[in-house]
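Visitor: Sharing a structure with you now.
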Amino acid sequence: MYPPPRIVTNIPKAQVNLAIRELERSIEVDRAEIGHYQILEQMLSATSLTSVGGTKEPMGIDFALREKDQVKGLLQALVRMEYDEINGKQEVVSFLRRLAHAT
């Protein structure tokens with residue numbers, strides 16, 4: 001039985017390990033951003049809008065409600081985007097770990 005082939009790279013193992021640590025920190029930041037977006041979405045969901053007073057308001061209640069729903073949708077899209085980014089970074093980290101182990 002022959003030993004498995006060894007991967008040779010011109011990137012020092014220390015540099016690969018540094019890249020892994022930086023990506024892991026970046027993933028932590030992304031998770032914190034997700035938390036902030038979710039808190040904002042919950043805050044918007046709990047916010048009630050009613051029309052009070054005369055017609056001097058800069059926006060009507062219907063417009064404000066539609067805009068509130070649009071903003072909630074944007075926050076949800078940002079959360080999905082952050083999850084996609086985290087998944088991509090985790091794939092890179094996985095590859096780098098295998099690379100560091102094999103070199």
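Taking the numbering used here, the leading residue of the sequence shown gets 1, the next gets one more, and so forth. Glycine residues also receive a C-beta, built at the ideal position from the N, C-alpha and C atoms. All of these numbers come straight from a predicted model, not from anything done at the bench.
1) Counting beta carbon pairs with one atom in the stretch 63-70 and one in the stretch 29-36, are three or more of them shorter than 8 Å?
2) Would you kindly work out how many angstroms separate the C-alpha atoms of Leu49 and Lys72, rounded to a whole number?
3) Go ahead and label Glu82 buried or exposed: buried means 16 or more other beta carbons lie within 10 angstroms of its beta carbon, across all protein chains shown.
4) Mind checking Leu74: buried by the 16 CB within 10 Å criterion, or exposed?
5) Roughly how many angstroms lie between the CA atoms of Ala19 and Pro3, to the nearest whole one?
Guide: According to the data block:
1) These segments do not touch.
2) In the sequence shown, the residue the question calls residue 49 occupies position 49. In the sequence shown, the residue the question calls residue 72 occupies position 72. Per the coordinates, the alpha-carbon of Leu49 lies some 14 Å from the alpha-carbon of Lys72.
3) What you label residue 82 is simply residue 82 of the sequence shown in a count that begins at 1. The C-beta of Glu82 has 16 or more other C-beta atoms within 10 Å across all chains shown, which makes the residue buried.
4) Numbered from 1 along the sequence shown, position 74 holds the residue referred to as residue 74. Exposed, because fewer than 16 other Cβ atoms sit within 10 Å of the Cβ of Leu74.
5) Within the sequence shown, numbered from 1, the residue matching residue 19 stands at position 19. Within the sequence shown, numbered from 1, the residue matching residue 3 stands at position 3. Take the alpha-carbon of Ala19 and the one of Pro3: they are about 28 Å apart.
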